[in-house]
Every structure is written in C-alpha cells, then in structure tokens.
Amino acid sequence: MTHKNPQTREWQTLSSDHHLAPFSDFNQLKEKGPRIITHAKGVYLWDSEGNQILDGMAGLWCVAVGYGRDELAEVASKQMRELPYYNLFFQTAHPPALELAKAIIDVAPKGMSHVFFTGSGSEGNDTVLRMVRHYWALKGKPQKQTIIGRINGYHGSTVAGASLGGMSGMHEQGGLPIPGIVHIPQPYWFGEGGDMTPDEFGVWAAEQLEKKILEVGEDNVAAFIAEPIQGAGGVIIPPETYWPKIKEILAKYEILFVADEVICGFGRTGQWFGADYYDLAPDLMTIAKGLTSGYIPMGGVIVRDTVAKVLSEGGDFNHGFTYSGHPVAAAVGLENIRILREEKIVEKVHSQTAPYLQKRLRELGDHPLVGEVRGLGMLGAIELVKDKATRARYEGRGVGMICRQFCFDNGLIMRAVGDTMIIAPSLVISEAEIDELVAKARKCLDLTLSVLQG
C-alpha cells in the first residue's frame, strides 16, 4: 500500500518491530500495519495520511468532553509544576485527590460518600474483589468469597478483572477465571431470547441470579457484579423487567451489589451514573474512563457508607497502587467534572442530543442488513443479520469486521462485537455530527450488503 506521508510507513515499521498491541492478532497487524492516529479535535480524529475520521466510540468509551479541551491540558501542566507526583500511602494525602473525592461524591448516588482511587477500571475491579472479601471477613463471615458475574460481561483484562468478566476468549488464555468466581447468563434478548418476549426473557435472566445464589449457597456468596448496560459485550440493554427483578432478588439475600460504571458513569446514559438511570442502589461502583475523559489514566471505586464504615473500623486494608489518586490525574478529573457540571453536558445529553441520536439511529432499522437497532443515552448497537424475521446471522462471514473496515475507510469509527456494530460517541457530539454519523453508518451498511450479495 502506498502512503502519502512517508512517516506512516516508518511508524508502522516501529509497530511491527517493537510494539505488542493490546487485543490484536499480531500476525494480521504486522501484515497490514496499524492506522496511525496523529491528532484530534472535538469528535474528530486525523490519521497520518491526513484523513478525517468521526470517532463514534469516544476513544474507548471515554472522551466524554471531546478532544482538544485546553482546560484539561492546562490543569495537568500546572499540577505537574506544583506537585507532579506523591503517593497516598503511609498516612499522607494531597489536595487534588481529596478535592476530587469530594467532587465525585457530589454527583454520586445518595449514601455513597467514599472513594478509593486506582489507575484504571481494571484495577478498580481488582480492588472490588479484595474489598468485598475483606468486608465479609471483617463481618465475621470469611467464607463469603464467591463473586457472581455475567457471561459476556466485561470488567477489564487484569487477572481479577478478566475473571470477573465472562468473556470466553479471555478465559481461554491464562487459566481463567480464578477460583471463587462464577457466571450467570446475560440479559441479551436479541441474541439469546429465543421465543420469549423481551419482558419474559428479562425476568428469566434475572432469576438466574437467585438460582446461582442458592446453588453456591448464600453463606458463600460475597457479591454480584454487573454493568448497568454491558458495553464491550455489545451494548446490551437489558429488557425493562430485568433490573427491577434483580433488585427484588438482591433485597432477599445478604450479598453486596457492585455496579461496574466504567462505561455508563459520568453521563453516558443521560444521568450521572447507570445506577441513577435504573434506580439501583449499589454497595460499590467501579469508575474510570469518563472520570478524566480519558485524557489521563485514572479509576476508582465509590463505596457505600455502610460498607466504608466496616472497612474503616477494620484496621489496615493492605491494598493500593503507586498511582492511586495520582495528583495530575486527580487535577484533570476535577476539571473534567467541573466542565461536565458547568456546561450542563449531562443535562444536554438527557434532554437533547441523546433523544436525537436514538431517533436517528432507529432509522437504520429499515436497512435490509439490520435486525435490530437499540440504544440508550449516548450508546447504540446495530445488529447485522441475514434474516430479520429469524434473527439468523451470516455464519462464518465476519460481517461485523467487513462493516468495520468500510467504516474506517469512509471516515467513521464504529466498533464490531461479532456481527453487532456499536457506538458510544463523545457526550458533546452535536446534532449535525449525529447526522453525519448516521449517514456514514448507512453508507457502510450499503457497502457491506453489496459484498455479501456479490
């Protein structure tokens, strides 16, 4: 392939010679070479060849306030000059972490007023595993060790995160999941609902939690962990009956509930958290991504007061990270939350841009290749099928990857999860940019269909 910019090839050679990329087929990447992204502004990226691309995934679900916000760069620069680093170990703290903790609590659900900082969402979920087991040990119930997750859930790619998640491709590598973690079916009606109505399936999927609690034994179960909406699993929005039934089950048993808010948190649903949208009352919430709009790595766990009280009275919690509450990350997180609040970005998503995005996305439902369009807030999924009536797929054709490549080549980033195309644009996307996203998506669906019919 010829390149307009000779540096493109140089960078691709560096990739091939020295870089082991995450979630990549190394041979395929070596043969093809990565697309080199060089700069970004608003909701757009530019590659080394000068192509402008509408980023329909907000990076990796994270660039909430859009690219190129000078305010975030400026607070990072100021903090680097003032206090570039210090840790939170050994009875020490610094203002940015403490002020960010308060800013997070100001927008968190009622009754959650403590934060443990980490470097990422994966580290947050590792923290969750240790925290819930430590909590039950302090309560005199050390046998409550088992954590229930969901098949096809995603909670990161560290050993604990990947184990809590239920992705078979990850479990096949590295001897996962680790002991003490079990999984129940996901609430994915389109893919797994069969002849049930969505409402029937939602109840059935929720009932699997109670079934698993009874199978493992309530005395052995520490927690249930779930994303309010499964992101990496394919933007799986549970049927309306699902969360009410889950809440009913959780109320019956003495186990903790962990909401993984890494994707849903900080406005993506049109509420500050997915827990707000679904009226959930988690004991712990994992956060990352939108916390800093991805400008700098940071994560954390928001902890309910009743849990924090037990932990705080229990002496040492022998857990933490070098970069827990990193002062530069905390300064960026603080400014990011200020922008979200002062510019009323979450409110605008709720009342204006998310309804518009969902309305426009649904128009793609008339396409011959589309079996379902679903979405909520700034999240959307398009199911690619061979037969709309039976929901049958084009088996073995890799339709999602074909469509993803057409998107790349036509100035749009949509992600493929199997044969499901998903989007999660920046929260600041405008109506005109939504129009552009939908027009480009339709063009790429047309190009994909032409290949399948060819």
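Numbering (the numbering used here), first residue to last: 12 to 465. Here a beta-carbon is modelled for each residue, glycine too, at the ideal position from N, C-alpha and C.
(message) Can you give me the C-alpha to C-alpha distance between ASP457 and TYR288, rounded to a whole angstrom?
(response) As a position in the sequence shown, residue 457 is number 446, starting the count at 1. As a position in the sequence shown, residue 288 is number 277, starting the count at 1. Between ASP457 and TYR288, the C-alpha separation is close to 34 Å.
(request) Measure the alpha-carbon distance for THR431 versus GLN102 and round it to whole angstroms. (result) Residue numbering aside, residue 431 sits at position 420 when the sequence shown is read from its first letter. Residue numbering aside, residue 102 sits at position 91 when the sequence shown is read from its first letter. In a straight line, the C-alpha of THR431 is about 48 Å away from that of GLN102.
(message) So, with DSSP's three-state summary, where would you put ALA234?
(response) Taking the first residue of the sequence shown as 1, we reach residue 234 at position 223. DSSP places ALA234 in the strand class (E or B) of the three-state scheme.
(message) Cutting at 8 Å between CB atoms, please list the residues of its own chain near ALA32, excluding the five before and the five after it.
(response) By one-based count along the sequence shown, residue 32 stands at place 21. Around ALA32: SER26, LEU40, PRO45.
(request) Can you tell me which of the three DSSP states GLU54 falls into? (result) For the purposes of this step, residue 54 is taken as residue 43 along the sequence shown, with counting starting at 1. Sequence check: residue 54 is Val here, not Glu. Residue state, collapsed to three classes: coil.
(message) Could you tell me the alpha carbon to alpha carbon distance between ILE115 and GLY172, rounded to whole angstroms?
(response) The count along the sequence shown starts at 1 and reaches residue 115 at position 104. The count along the sequence shown starts at 1 and reaches residue 172 at position 161. Their Cα atoms are separated by approximately 23 Å.
(message) Check this for me: beta carbons of LEU302 and GLY344, under 7 Å apart or not?
(response) The residue you call residue 302 lines up with position 291 of the sequence shown. The residue you call residue 344 lines up with position 333 of the sequence shown. Yes, they are a contact pair.
(request) Throw me the rounded Cβ distance for the ALA87 and ALA427 pair, which I believe falls under 8 Å. (result) Taking the sequence shown and counting its residues from 1, one reaches residue 87 at position 76. Taking the sequence shown and counting its residues from 1, one reaches residue 427 at position 416. Wrong, their Cβ atoms sit about 33 Å apart, outside the cutoff.
(request) May I have the straight-line CA-CA distance separating THR169 from HIS182, to the nearest angstrom? (result) Here the question's residue 169 lines up with position 158 in the sequence shown. Here the question's residue 182 lines up with position 171 in the sequence shown. Their Cα atoms are separated by approximately 11 Å.
(request) Taking THR138 as part of the alpha helix (DSSP H), name the residues at either end of that continuous run. (result) Taking the sequence shown and counting its residues from 1, one reaches residue 138 at position 127. That run of the alpha helix (DSSP H) goes 132 to 149.
(message) What does the alpha-carbon distance come out to for the pair ALA286 and LYS15?
(response) As a first step, residue 286 must be located in the sequence shown, where it is residue number 275. As a first step, residue 15 must be located in the sequence shown, where it is residue number 4. ALA286 and LYS15: Cα-Cα distance of roughly 48 Å.
(message) In the DSSP output, what is ILE48 paired with across the bridge?
(response) As a working mapping, residue 48 is identified with position 37 in the sequence shown. Partner(s): ASP58.
(request) Check whether the Cβ atoms of PRO436 and GLY67 lie closer than 7 Å to each other. (result) The residue you call residue 436 lines up with position 425 of the sequence shown. The residue you call residue 67 lines up with position 56 of the sequence shown. When the beta-carbon positions are compared, PRO436 and GLY67 come within less than 7 Å of each other.
(request) Taking ASP58 as the reference, give the member of LYS52, ILE47, ILE445 with the closest Cα. (result) For the purposes of this step, residue 58 is taken as residue 47 along the sequence shown, with counting starting at 1. Measuring from the Cα of ASP58, the nearest candidate turns out to be ILE47.
(request) Please name the residue or residues paired with VAL269 in a DSSP beta bridge. (result) Here residue 269 refers to the residue found at position 258 of the sequence shown. By DSSP's assignment, VAL269 forms a beta bridge with ILE236, LEU295.
(message) So, at 6 Å on beta carbons, what are the nonlocal neighbours of TRP200 in its own chain, with the 5 sequence-adjacent residues on each side left out?
(response) For the purposes of this step, residue 200 is taken as the residue at position 189 of the sequence shown. For TRP200, where only same-chain residues beyond five positions count, the Cβ hits under 6 Å are PRO209, PHE212, PRO250.
(request) Alpha carbon to alpha carbon, how far is TYR264 from LYS256? Give it in angstroms, no decimals. (result) Position 245 of the sequence shown, counted from the start, is the residue given in the question as residue 256. Position 253 of the sequence shown, counted from the start, is the residue given in the question as residue 264. A straight line joining the alpha-carbon of LYS256 with that of TYR264 spans about 13 Å.
(message) Suppose you measure from the CA of PRO120 to the CA of CYS455; what does that come to, to the nearest Å?
(response) In the sequence shown, the residue the question calls residue 120 occupies position 109. In the sequence shown, the residue the question calls residue 455 occupies position 444. If I take the Cα positions, the gap works out to 40 Å.
(message) Measuring CB atoms only, is the region 357 to 364 touching the region 263 to 282, in the sense that at least three cross pairs come out at less than 8 Å?
(response) The answer is yes - the region 263 to 282 touches the region 357 to 364, with three or more Cβ pairs under 8 Å.
(request) Spell out the partners DSSP gives GLY391 in its beta bridges. (result) Here residue 391 corresponds to residue number 380 of the sequence shown, with the count starting at 1. Answer is GLY386, ILE434.
(request) Tell me GLN23's beta-bridge partners as DSSP assigns them. (result) Indexing the sequence shown from 1 puts residue 23 at position 12. DSSP, once it has assigned bridges, lists no residue as partnering GLN23.
(message) Does the contact criterion of 3 or more C-beta pairs under 8 Å hold for the region 233 to 248 versus the region 154 to 164?
(response) Yes: the two stretches touch, three or more of their Cβ pairs being nearer than 8 Å.
(request) May I ask you to report which of helix, strand or coil DSSP gives SER174? (result) In the sequence shown, counting from the first residue as 1, residue 174 sits at position 163. Helix, per DSSP.
(request) Could you name the residues of the same chain whose beta carbon sits closer than 7 Å to that of LEU111, not counting the 5 residues immediately before and after it, in chain order? (result) As a first step, residue 111 must be located in the sequence shown, where it is residue number 100. So the list reads ALA341, GLY344, LEU345, once near-sequence residues are dropped.
(message) Buried or exposed for GLN241, going by 16 or more other Cβ atoms inside 10 Å?
(response) Locating residue 241 in the sequence shown gives position 230, counting from the first residue. That one is buried.
(request) Drop a sphere of 10 angstroms on the beta-carbon of ARG92, count the other beta-carbons inside from all chains shown, and report buried for 16 or more, exposed for fewer. (result) As a position in the sequence shown, residue 92 is number 81, starting the count at 1. Its Cβ having fewer than 16 others within 10 Å, ARG92 is exposed.
(message) So PHE417 and THR459 are supposed to be a Cβ contact under 8 Å. How far apart are they, rounded?
(response) As a working note, residue 417 is residue 406 in the sequence shown. As a working note, residue 459 is residue 448 in the sequence shown. Right, the Cβ-Cβ distance comes to about 6 Å (below 8 Å), so this counts as a contact.
(message) Across the region 126 to 137 and the region 304 to 321, are there enough close Cβ pairs to call them in contact, namely three or more that are closer than 8 Å?
(response) Contact check between the region 126 to 137 and the region 304 to 321: three or more CB pairs, one atom from each, fall below 8 Å, which counts as touching.
(message) Once DSSP output is grouped into helix, strand and coil, what is the label at GLN282?
(response) For this step, residue 282 is matched to residue 271 along the sequence shown. Reduced to three states, the DSSP call for GLN282 is coil.
(request) Would you kindly work out how many angstroms separate the C-alpha atoms of PRO188 and SER174, rounded to a whole number? (result) Working through the sequence shown from its first residue, we reach residue 188 at position 177. Working through the sequence shown from its first residue, we reach residue 174 at position 163. In a straight line, the C-alpha of PRO188 is about 4 Å away from that of SER174.
(message) With H, G and I counted as helix, E and B as strand and the rest as coil, what does DSSP make of MET123?
(response) By 1-based counting over the sequence shown, the position of residue 123 is 112. MET123 falls in the strand class under three-state DSSP.
(message) Looking at the secondary structure, which residues open and close the alpha helix (DSSP H) in which VAL227 lies?
(response) What you label residue 227 is simply residue 216 of the sequence shown in a count that begins at 1. Looking at the DSSP string, the run of the alpha helix (DSSP H) that includes VAL227 is 209 to 227.
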